[in-house]
Structure formats: C-alpha cells, structure tokens
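Asker: Just so you know, the sequence shown maps onto residues 41 to 207 in this note's numbering.
Every residue, glycine too, gets a C-beta built ideally from N, C-alpha and C.
Dropping the structure in here first, questions after.
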Amino acid sequence: MNYVVPALLIAVLVAGLIKRVNVYDSFVLGARKSFDLSLTVFPYLAAIFVMVNALHASGLDAYVTKLLAPPFRLLGIPDEVVQLVLLRPFSGSGSLAILTDVYNNYGVDSYVGRCASVIMGSSETVFYVASVYFAGTKVRHTGWAIPIALFCNLLGAVVACLLCRIM
C-alpha cells in the first residue's frame, strides 16, 4: 500500500516521457493554476465559515434544529442527528464534530450512531464543493445544481435512517 503514490508518480513521469511532455513545466503550470484557483475560491469559503460560526455563536442553529426536528422525525430522521443533516451541506469539520458528539453520547453501534455514520458518509458539503467547482469554472448562475444537491442530501439522510432501522 505504501508503494501506490510512488508508483503513480513514476507512471506519470514515464507517460510524460513517452508523450514528450515537459513534466516539470506542466507541474509548475498546474501549481500556478491551483494557486489562482485558491485565491478565487477563498472569499466564498470565508463567507461559508463565517456564516457557520455566526449561526453557532448566536444559537440560531440550535433553534432551527429544534424547529425542524418534528418534520424530520416524520421523515424517519432521529432528533439527535437533525443538526448533522442541517450542518453537513455547509461544513465538513463542523459535521464531523457533531458526529463525534453523537458517538460519545449514544455509541457507534446505536441506531442514532449508525444513522449519523451513514448520513456522514452519504452526504456532501454542498456549498463548499459548489464554491470550489463553480469558482474554478467561472460559473455564476448555478441554476438548479445547489437545490438538487440539497434535496439529494436530504433524501440520502432519509434512506440512511430507513436502512439503519431495518438492518
């Protein structure tokens, strides 16, 4: 397993030599483009991080979680993971902290722990991914991409809890 990355690097170098591509210049060009991309994406990511921290510091996230728990319960999502479902589209590290709390409070083998695990593994940080991809491609009108991704995250959470209940 420790040889995968070196083998991949050697394969790239050999392919570059076969195609007569200056591998070093291509690497430097890619690094330069990634630096430009990170500068383009940074304001979007900063906005997401500030928003998530402001919601948490104000207590609004707890209020929204309490407000949305009954409809989520009707969908089969336990109250204990509602905050995870709501935060996951915004923050990977924040949702990982919630997952850790669920494990500490309910255990990893509990129904709630299994639901949280499957939700974490089957969902995505929609706004982070959208900001990276759309900023990199200069797309300004995302259309239905974000609402569909959020719906799929919710649907994945419902199916995750259903599967955890019957297994």
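How would you call Asn193, buried or exposed, if buried means at least 16 neighbouring beta carbons within 10 angstroms?
Answerer: buried
Asker: State yes or no: is the C-beta of Phe130 within less than 9 Å of the C-beta of Tyr168?
Answerer: yes
Asker: Can you have a look at Ser135 and say buried or exposed, based on whether 16 or more other CB atoms are within 10 angstroms of its CB?
Answerer: buried
Asker: How close, in whole Å, do the beta carbons of Ser163 and Gly196 come, if the pair is a contact with beta carbons under 8 Å?
Answerer: 5 Å
Asker: Which whole-angstrom value describes the C-beta separation of Ile159 and Ala200, a residue pair presumed to lie in contact below a C-beta threshold of 8 Å?
Answerer: 5 Å
Asker: Just verifying my parser: in three-state terms, what is the DSSP assignment at Leu115?
Answerer: coil
Asker: For Asn62, I'd like the list of residues in its chain whose CB is within less than 8 Å of its CB, leaving aside the five on either flank, ordered along the chain.
Answerer: Gly56
Asker: Taking 6 Å as the limit between beta carbons, can you name the residues of its chain near Phe112, skipping five residues before and five after?
Answerer: Residues of the same chain with a CB within less than 6 Å of the CB of Phe112, apart from the 5 flanking positions on each side, are Val122 in chain order.
Asker: Looking at the secondary structure, which residues open and close the alpha helix (DSSP H) in which Asn193 lies?
Answerer: 185-206
Asker: Under the three-state reduction of DSSP, which class applies to Glu120: helix, strand or coil?
Answerer: Helix.
Asker: Contact criterion: CB-CB distance below 9 Å. Does His181 meet it with respect to chain C?
Answerer: Here chain C cannot be found, since the structure has a single protein chain.
Asker: CA-CA distance, Ala51 and Val45?
Answerer: 10 Å
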